[in-house]
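Worksheet: one structure, shown below.
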Amino acid sequence: DVKVTQSSRYLVKRTGEKVFLECVQDMDHENMFWYRQDPGLGLRLIYFSYDVKMKEKGDIPEGYSVSREKKERFSLILESASTNQTSMYLCASSEQGLYGYTFGSGTRLTVV
Amino acid sequence: GESVGLHLPTLSVQEGDNSIINCAYSNSASDYFIWYKQESGKGPQFIIDIRSNMDKRQGQRVTVLLNKTVKHLSLQIAATQPGDSAVYFCAENAEGGGYSTLTFGKGTMLLVSP
């Protein structure tokens, strides 16, 4: 069964900490995505990547960065966590072209 | 997760009924559409997709209808079961900067009573 695995289901971090959210896919997909999901706002795209070492900003990149050193791994980095980054973070991957995304189970991050 | 359903429109049905969930999309240039299901505490799960050269596509107990004239997408679930209770999202592809990504609707919560 194909999978997108997010390393943590729940995280609690302090304001100002640097936070790493890890995502690994085993489907050899070229494309990977990070979304955040908030009540009333739906899923919003933070960053995406269409190839190794390549990244593109999504709709809400401020306060975040990403790293894709290997095809199967896409990391989301919160440079200095703030309380307004408390959210559910969802990683996804897809093949090139018009195909649906496969999502991970999500990481619920709380910044205190 | 548990809070995804807050602020969402809700459709309540009885077990065995047929359910219809609607979605209005924004971009007349979109040519690929998907429905996702998200259960509490889980990530979205792909249900069915449709390309703009079709107006109907059927899966197992689900049918997606696409009306490009009015930019409307619907998901029909036959013989709805309690296990169908979840938040349902539509998504459309969006082109920008030479790349295609998916833009998601806010979702509809489906509640199925036994």
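So the protein lines, in turn, are chains A and B. Under our numbering, the residues of the first sequence are numbered 1 to 112, in order. Under our numbering, the residues of the second sequence are numbered 113 to 226, in order. Think of the CB as a built atom: it goes at the ideal place given N, C-alpha and C, for glycine as much as any other residue.
Between the C-alpha atoms of A/I46 and A/E72, what's the straight-line distance to the nearest angstrom? 18 Å
When the cut-off is 8 Å and only beta carbons count, does A/E62 lie next to chain B? no
Three-state secondary structure (DSSP) of A/D26: coil
For A/T102, would you say it is in contact with chain B, using Cβ-to-Cβ distances shorter than 8 Å as the test? yes
Nearest candidate by alpha-carbon position, reference B/C205, set A/S7, A/S93, A/G97: The displayed chain sequence assigns Asn, not Cys, to residue 205 of chain B. When each option's Cα is compared against that of B/N205, the closest is A/G97.
Count the other CB atoms within 10 Å of the CB of B/I159; is the residue buried (16 or more) or exposed (fewer)? buried
With DSSP as the reference, label B/T220 as helix, strand or coil. strand
Does the contact criterion of 3 or more C-beta pairs under 8 Å hold for the stretch 134-141 of chain B versus the stretch 35-45 of chain A? no
Chain B contact for A/Y47 (CB, 8 Å cutoff): no
Going by DSSP in three states, A/G100 sits in which element: helix, strand or coil? coil
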